[in-house]
Structure formats: structure tokens, C-alpha cells
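Some notes on the structure that comes next.
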Amino acid sequence: MEEIDCLFIHPSTHYRSQAQDMKDLITFITMPMGTIAMADLLYANGYSTKIYHTGIEQVYKRSFIVEDLFSQHDPKVVGIDLHWYVHSYDAMRIADIVKKQSDAFVVIGGFTSTFFSQEIMANFDSVDAIIRGDAEIPLLELMKNLSKDTLEEVPNLTYRTKHGIKTSKGVYIADEEDLGKLDYTNFELLSNYDKYHRVTTQAGDLDPYGWKLHLKRMAWVPLGRGCTVNCSYCSGGNKGHCSLTGRDKPVYHPKEQVVSILARFEEVGIDSTYMDFDPYVDRSWYHELFEMMRVEGVDISTEFALWSLTDRAFARDFKRTFNPLYSTLVLSPESGSEDVRRRNKGFYYTNDQIHQWLETSREEYIPVEVYFASGLSGETQENFGETLELARSILEKYPIISITCNSIQMEPGGPWYIDPGRYGIRPKWKGFMDYYNLFKASADGIPPRSQLGYDTDWQTEQEILGNSIKFNEMLEGFALGRWDLIAKGEDLIKIAKV
Ligand code: SF4
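The sequence shown begins at 469 in my numbering and counts up by one.
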């Protein structure tokens with residue numbers, strides 16, 4: 469049994485479905501990229517540490533259970549990430565296991581646990597503390613202060629005392645200098661890290677046959693934190709960051725650090741990256757980064773998620789910088805209705821501008837992915853037909869490599885959640901226990917009472933889910949030449965035109 473100062477456990481989401489013989493399956497594989505940086509920060513300060521991604525462990529050893537970790541390690545502290553709400557149940561389930569198997573102090577962190585910190589502390593005795601907002605320095609301070617009588621000195625901390633739940637007064641918000649000191653590439657701290665980069669190449673669930681996936685190795689690139697706008701459905705917008713972390717404007721990682729991270733990715737065989745931090749329409753920061761990458765000879769692909777439209781200069785710079793093997797630009801107009809897009813998206817653009825942007829991408833030979841959503845505020849059956857029509861016209865005119873539509877779930881802490889009446893949202897999920905129970909039911913193979921967590925003033929949840937199905941059926945019809953499937957979508961397009 470190895471004594472260890474801090475064990476990080478990433479709680480993969482489990483589910484069972486009748487369609488797959490009620491097998492225990494794993495979904496939402498991505499681990500917050502800051503986990504490695506936090507583990508490295510502790511390591512650099514003399515603390516022993518190790519990270520386990522429970523999904524990766526289970527995929528490569530089917531008999532793996534979390535309890536196994538405690539026959540190998542005797543941790544002083546266990547850190548569990550609860551950034552995305554999809555881990556609400558599994559994070560709490562693992563916290564309970566930790567308390568049964570060890571005397572470790574359990575600390576959780578991430579946006580979801582920040583937003584629900586009081587409710588989680590009140591309902592789950594197995595959680596000793598929650599770090600709210602930026603967690604790196606607070607976690608290091610927690611390690612230093614653990615043996616003291618009080619944790620009051622640890623910033624951003626909500627914790628238990630004999631007298632109840634307390635919130636420390638200190639506030640920590642990471643600035644560019646802080647971010648620049650973090651090392652996101654100490655992969656050896658993550659158990660089976662090479663396998664993590666291989667299975668991350670799958671867009672969705674963990675493939676049960678992970679050993680077959682060895683073509684592409686992918687990693688997320690830390691670029692910055694924050695946003696300048698507030699999309700109606702997103703908890704990571706400007707106001708969300710203000711209330712969760714205290715950050716009122718975006719902060720970038722130093723460009724030199726990003727280039728050296730990419731170079732390190734190459735060294736360990738990662739050939740494809742995902743870049744998803746684009747808070748300003750002015751892309752000068754990226755033009756400078758791309759120039760530095762070319763000077764350093766970084767040779768890597770990227771899937772670059774655009775938060776707003778870009779111009780031809782960006783397309784050319786992008787093309788000159790990234791290896792074309794797996795590189796794409798990703799745009800999410802969400803709706804074909806300009807009214808609905810304006811009402812919900814922080815960065816607005818017209819349908820004509822989308823077509824012009826696609827034309828430029830085609831002329832510059834850049835593959836494009838386009839994503840739509842159903843269920844937006846103000847969306848009706850009629851104007852969803854505009855979404856189908858825009859998707860059809862894009863498919864007919866441009867060489868798109870991926871186009872799809874998903875229904876949006878209610879994110880805790882986003883504008884819909886905070887002020888549903890303003891957006892015509894009728895919420896069904898109103899607190900942490902609703903998210904916990906949703907994912908507990910899913911892990912037990914029980915169909916959820918609600919899949920999205922809301923109706924709107926314009927559509928029921930079932931209609932919203934049905935729209936995404938119609939969209940994807942229409943696409944399948946195009947792919948397979950199935951006119952019966954295309955016709956279903958065209959019926960809605962006709963309604964939209966009446
Ligand atoms: S652009 Fe919109 S969806 Fe993207 S982070 Fe900002 S608020 Fe969220």
C-alpha cells in the first residue's frame with residue numbers, strides 16, 4: 469500500500485440502456501484539462517500525486533472498480549472533478565466510496581460543484597470541501613493547511629467545521645502570469661495516459677473496443693478562460709464566469725506556453741488537437757500565435773471551434789499553420805432562423821454571412837463542420853423548418869465533413885437556468901438533486917422523466933427532441949438517397965415558408 473498525498477479521480481459517467489442489453493457503459497470521456505496542471509502543481513511543490521480516469525481504467529480492464537484504487541493507495545486527500553453536470557451522480561458515488569475505503573479528505577471542484585456548493589455540502593456528508601472557481605492555488609493552500617485547526621486561510625473554499633458549513637473569505641482568480649506557470653503536459657501523472665489520448669479521438673462515448681483505435685491521438689489545448697458574451701443556454705458565458713470565478717473578462721495563456729505545449733504534444737505522439745477558446749471577433753492574438761507556431765515548426769492538426777465568423781485572412785493563416793490531415797473549422801449557427809439566433813447567441817451573424825463564410829472556406833480548401841441545435845428560446849415548429857432549410861442548402865452547396873443537430877439540455881448556471889421566465893423556459897430541473905437523480909437513473913438503466921430539463925413557451929420537450937430526430941433523419945436521407953427521409957424534413961420546410 470503506497471501512501472500518497474493527493475489522489476485525483478475523474479468520475480466517468482455510467483449508463484445502461486435496453487438497446488445495449490443493459491450493459492454498464494461509459495459516456496462523456498473528456499476530463500477537465502486542468503486536472504493534469506493541478507496534479508503537476510502539487511508534484512512540483514513536493515506532494516506525491518496520481519490521477520485516475522475511471523472510464524479509461526474500466527475500458528482497459530473490464531473488472532476495474534473504484535474500490536481497487538484503495539488497495540494500492542492510502543491517500544491523505546482525494547480530489548474529484550465536478551466541472552460538467554453530467555458527472556453529478558458519479559462524483560458523489562465516488563466520494564461515498566472514498567469515505568468507506570479510506571480516511572482521506574474529499575475535496576471536489578469545477579463549475580457544477582461551484583454553482584451548487586451549498587446544496588452539495590448540505591446533502592452529501594462524504595464531501596469535506598468544495599473549491600469554487602479557479603482551483604490551482606487554493607488546492608495547493610489546502611494541502612499546506614490541512615493539518616491546521618482551520619481552513620480559513622484557503623481561498624475559494626467552502627468547507628465543514630464543527631459549527632456548520634463555512635466559506636473562506638480569500639478569493640483567488642488566476643491571471644495570465646498564474647496560467648503561464650502551469651504544466652498541462654506532465655502526462656506521466658495520469659494512469660494510462662496514452663490510452664486516454666487514443667480513445668479521446670472518438671467524438672462521443674468511450675468505445676468498448678478501445679484497442680482498435682490507434683489512428684489518431686488527440687488532446688485539448690489550454691488557451692484561456694472566460695467569455696465576452698452570454699449565449700442564453702451556456703453557463704460559461706461572461707456573467708457565468710463573473711459569478712462562478714469572479715473573472716469579468718477573458719484571460720489568455722501566454723502564447724509561448726501554448727507553443728511549447730503543442731511541441732510537447734508532438735513529442736508524445738499527439739497529432740490532433742481541439743481548440744475551443746475564441747472570445748473576441750478580432751483574431752490578432754491567434755494570428756500572432758499561428759506565426760509563432762510556424763517559426764517553431766509545430767506540425768499538428770486542429771479542430772478549431774469558432775465562436776463567431778472569421779474572415780479570409782484567418783482562413784489563409786489557419787491553412788498555412790495546421791497540418792491538413794485532421795484540421796477543420798467548426799461553426800455552430802444553432803438555428804436557421806435569424807430571429808432565434810439573435811435571441812440566443814452572443815455572437816450574431818446572418819444566414820447570408822454564413823453562406824459567404826462557407827464560400828471562403830471552400831475557396832481556401834478548409835474542411836468545415838456545422839452544428840445546429842433544437843429547443844432554443846423562441847424556436848417554433850415553423851422556424852425549425854428554417855433550420856432544416858439552411859442545413860439542406862449548406863449540404864447541397866458545400867463539401868461539409870460533419871453536420872448535425874442536437875437538442876440542448878438545461879445547463880445549471882446559464883441564463884436559462886437563472887432567469888427562465890425571461891427566455892420562455894419552463895424548467896423541470898431546479899437544483900443539484902435533479903441532476904444527481906437524472907444521472908443516477910441513467911446509471912441504473914431507468915429511463916429519465918425528462919431528457920432536457922425543460923419545455924419552452926413554444927414547444928414541449930418531446931417536440932424539441934423530435935426536431936433533432938427529423939433533422940438527423942433528413943441528413944441520413946441525403947447520405948443514403950432516401951427520399952422518404954428527406955421528405956419528412958421538407959414537410960417542415962414547407963410549413964416554415966407558408
Ligand atoms: S460564445 Fe456563447 S457558448 Fe461559447 S462560451 Fe461564450 S457564452 Fe458560452
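Backbone N, C-alpha and C define an ideal beta-carbon position, used for all residues, glycine too. It should be emphasised that the depicted structure is a prediction, and the values quoted were computed from it without experimental measurement.
Cβ-based neighbour list, G814, same chain, cut-off 6 Å, excluding 5 preceding and 5 following: Here the question's residue 814 lines up with position 346 in the sequence shown. Here the set comprises V697, N698 and C699.
Endpoints, the beta strand (DSSP E) within which S875 is located: The residue you call residue 875 lines up with position 407 of the sequence shown. Where S875 is concerned, the enclosing beta strand (DSSP E) stretches over I868 to S875.
The ligand SF4 heavy atom lying under 7 Å from the CB of W825: Reading the sequence shown from its first residue, position 357 is the one you call residue 825. Incorrect: W825 has no Cβ contact closer than 7 Å to the ligand SF4.
Contact between the region 858-871 and the region 827-847 (3+ Cβ pairs under 8 Å): yes
Host alpha helix (DSSP H) of R811 (start-end): By one-based count along the sequence shown, residue 811 stands at place 343. Run containing R811: E806 to N812, per the alpha helix (DSSP H) assignment.
Pick from F852, V727, A507 and H631 that is closest to F655, judged by C-alpha positions: The sequence position of residue 655 within the sequence shown is 187, counting from 1. Out of F852, V727, A507 and H631, A507 has the C-alpha closest to the C-alpha of F655.
With 16 other Cβ atoms within 10 Å as the buried cut-off, status of V545: What you label residue 545 is simply residue 77 of the sequence shown in a count that begins at 1. Buried, since its Cβ has 16 or more Cβ neighbours within 10 Å.
A859, DSSP secondary structure in three states: To locate residue 859, count along the sequence shown from 1; it is residue 391. Helix.
Three-state secondary structure assigned by DSSP to P479: For the purposes of this step, residue 479 is identified with residue 11 of the sequence shown, where counting begins at 1. Residue state, collapsed to three classes: coil.
Distance between beta carbons of A597 and V566, contact taken as under 8 Å: Within the sequence shown, the letter at position 98 stands for residue 566. Within the sequence shown, the letter at position 129 stands for residue 597. 13 Å between Cβ atoms; not a contact.
Extent of the continuous alpha helix (DSSP H) to which F538 belongs: Taking the sequence shown and counting its residues from 1, the one referred to as residue 538 is at position 70. Looking at the DSSP string, the run of the alpha helix (DSSP H) that includes F538 is L537 to Q540.
Residues bridged to D923 [DSSP beta-bridge criterion]: The residue given as residue 923 occupies position 455 in the sequence shown. Answer is R894, bridged to D923.
Opening and closing residue of the beta strand (DSSP E) in which M743 lies: Position 275 of the sequence shown, counted from the start, is the residue given in the question as residue 743. S740 to M743 is the span of the beta strand (DSSP E), which, as asked, contains M743.
Pocket of the ligand SF4 defined by Cβ to heavy atom distance under 5 Å: C695, C699, C702, G704, G705, W775 and G814
Extent of the continuous beta strand (DSSP E) run through R530: Here residue 530 is taken as the residue at index 62 of the sequence shown, counted from 1. Counting along the chain, R530 falls outside any beta strand (DSSP E), and DSSP gives it neither H nor E.
CB contact flag (R743, L793, <8 Å): For the purposes of this step, residue 743 is identified with residue 275 of the sequence shown, where counting begins at 1. For the purposes of this step, residue 793 is identified with residue 325 of the sequence shown, where counting begins at 1. The question names Arg, but residue 743 in the sequence shown is Met. No; because the gap between Cβ atoms is not below 8 Å, this pair is not in contact.
Segment contact, 8 Å Cβ cut-off, at least three pairs: the region 878-891 with the region 534-549: no
Span separating the alpha-carbon of F772 from that of T796: On the sequence shown, residue 772 is found 304 positions in, with the first residue counted as 1. On the sequence shown, residue 796 is found 328 positions in, with the first residue counted as 1. Straight-line Cα distance between these residues: approximately 6 Å.
Extent of the continuous alpha helix (DSSP H) to which V726 belongs: Here the question's residue 726 lines up with position 258 in the sequence shown. First-last of the alpha helix (DSSP H) with V726: K723 to E735.
Reference L475; option with closest CA among I633, G578 and A563: Translated into positions along the sequence shown, residue 475 becomes position 7. Nearest of I633, G578 and A563 to L475, Cα basis: A563.
Buried/exposed call for M490, threshold 16 Cβ in 10 Å: Walking along the sequence shown from the start, residue 490 turns up at place 22. By the 10 Å Cβ count, M490 comes out exposed.
Cut-off 6 Å between Cβ atoms - residues of its own chain near E621, not counting five sequence neighbours on either side: Position 153 of the sequence shown, counted from the first residue, corresponds to residue 621. The residues are N613.
L906, DSSP secondary structure in three states: On the sequence shown, residue 906 is found 438 positions in, with the first residue counted as 1. The answer is helix: DSSP assigns L906 an H, G or I state.
Beta-carbon gap between E802 and R809 smaller than 8 Å: The residue labelled residue 802 in the question sits at position 334 within the sequence shown. The residue labelled residue 809 in the question sits at position 341 within the sequence shown. Yes. Within cutoff.
Cβ pair K684, D739 closer than 8 Å: Against the sequence shown, residue 684 aligns to sequence position 216. Against the sequence shown, residue 739 aligns to sequence position 271. Closer than 8 Å, so yes.
W897 vs E847 beta-carbon contact at 8 Å: Position 429 of the sequence shown, counting from 1, holds the residue named residue 897. Position 379 of the sequence shown, counting from 1, holds the residue named residue 847. Not closer than 8 Å, so no.
Distance, T924 Cα to R732 Cα: Within the sequence shown, numbered from 1, the residue matching residue 732 stands at position 264. Within the sequence shown, numbered from 1, the residue matching residue 924 stands at position 456. Straight-line Cα distance between these residues: approximately 46 Å.
Per DSSP, the bridge partner or partners of C710: Walking along the sequence shown from the start, residue 710 turns up at place 242. Paired residue(s): none; C710 is not in a bridge.
Opposing strand residues paired with V546 [DSSP bridges]: Position 78 of the sequence shown, counted from the start, is the residue given in the question as residue 546. Looking at the DSSP assignment, V546 forms a beta bridge with L475 and V574.
D820 to R780 span [Cα, whole Å]: Taking the sequence shown and counting its residues from 1, the one referred to as residue 820 is at position 352. Taking the sequence shown and counting its residues from 1, the one referred to as residue 780 is at position 312. The alpha-carbon atoms of D820 and R780 are separated by roughly 16 Å.
Exposure label - S615; buried when at least 16 CB within 10 Å: What you label residue 615 is simply residue 147 of the sequence shown in a count that begins at 1. It is exposed - the Cβ of S615 has fewer than 16 other Cβ atoms within 10 Å.
Beta-carbon proximity list for Y891, same chain, < 7 Å, skipping 5 on both sides: Along the sequence shown, one-based indexing puts residue 891 at 423. Excluding positions up to five away in sequence, the list reads S700, S845, P883 and W884.
7 Å Cβ shell around L777 - same chain, five flanking residues per side excluded: What you label residue 777 is simply residue 309 of the sequence shown in a count that begins at 1. Same-chain partners within the cutoff: Y817, Q821 and W825.
Cα-Cα separation, G737 to N591: Position 269 of the sequence shown, counted from the start, is the residue given in the question as residue 737. Position 123 of the sequence shown, counted from the start, is the residue given in the question as residue 591. Near 44 Å, if we compare the C-alpha coordinates of N591 and G737.
Nonlocal neighbours in the same chain, by C-beta distance under 6 Å from L799, ignoring five residues either side: By 1-based counting over the sequence shown, the position of residue 799 is 331. Answer for L799: L774 and V838, listed in chain order.
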